[in-house]
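Per numbering that gives the first Met the number 0, residue 0 is the first one in the sequence shown, and the count goes up by one each step. All residues carry an ideal CB built from backbone N, CA and C; glycine is no exception. Since we're looking at a predicted model, the values are computed, not measured.
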Amino acid sequence: MTDELPRLKLKALRNRAGWTVRAFADAMGYGEKQSSYRTYEDTYKKPFLPIDFVEKAVPLLVDRGEPPIELREVWELAGVFPGEMGIREGIERAKRVEAATHPAQGTVVVNEYDISPQAGSGALIDESAGGEEGHAPVASWAMPRGFLENYLPDTSGLAVVRVIGNSMEPDFLPSERVLVDTRHRQLSHDGVYVLWNGHGVVIKQLQLVPNSAPERVRIISVNPTYPSDEVDLADIHINGRVVGKWLWK
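The structure is reproduced here in structure tokens:
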């Protein structure tokens, strides 16, 4: 069910559990407002259902049907993919993401993405891509719009990524968070970019090879113990350019 819209997943689980729409809506507490419940099955288009909605659905669906519905299947409706961290931590993380979608005035919400190998092999740090192509956000950050606009004229398309590994030391240390402008998906000039190299999403310094045809690019690790590479520009997929990082003293 990973590629389905949440409304289709919800409908499939309800049917599998043996609930009619009316009975399930009543059990969820909608009473006479069954049309409000039906929107979640008929017209809902967001990537995940609200946390509080799924919390109510859990005891009504888990262990029902054939095969019995598992807890993880229900929580996936809300974007909780627990993996090794457990259901509770996944729920709290999803709540933070959901809460940050309603920022205070004068702030910009920036999603954080997990690009570690265990997060999957998606090529894009963009939840709108869907399926296996995109990474869902793991957290969201509300940042002052005025501060960001001092450095970036356009604050749309920003993302936060945590540095994985030590290949970019000392410029970028493991677990540091960097700010990425995902509007820069073309290599217009040399710099540090987030890219898909065919194996995973990584942070690397990119340098165009002059007068190359077809265009080639050097993929450089700042840490000298890692070798540089040179490939056709068409063989990499650029997610965005690194435009800043958090520096703790």
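query                                                                                                  : result
Beta-carbon separation (whole angstroms), I163 vs N196, contact threshold 8 angstroms                  : That pair is no contact at about 13 angstroms.
Three-way DSSP call (helix, strand, coil) for G129 in this model                                       : Confidence is the limiting factor: at G129 the pLDDT is only 40, short of 50, which leaves the residue's position unreliable, though a coordinate-based value still follows. Here G129 sits in coil by DSSP.
Host beta strand (DSSP E) of W140 (start-end)                                                          : P136 to P143
For Q206: DSSP bridge partner residues                                                                 : R217
Residue of S35, D234, G145 and E175 minimising C-alpha distance to L186                                : D234
Classification of K32 by the beta-carbon crowding that lies within 10 angstroms, buried from 16 upward : exposed
Cβ pair count under 8 angstroms reaching 3, the stretch 153-162 against the stretch 203-211            : no
For D228, the nearest candidate out of K203, W245 and N238 (CA to CA)                                  : K203
Alpha carbon of D113 to alpha carbon of G64, nearest angstrom                                          : 34 angstroms
Proximity winner among Q206, V160 and N238, relative to H183 (alpha-carbon distances)                  : N238
DSSP-derived helix/strand/coil call for Y225                                                           : coil
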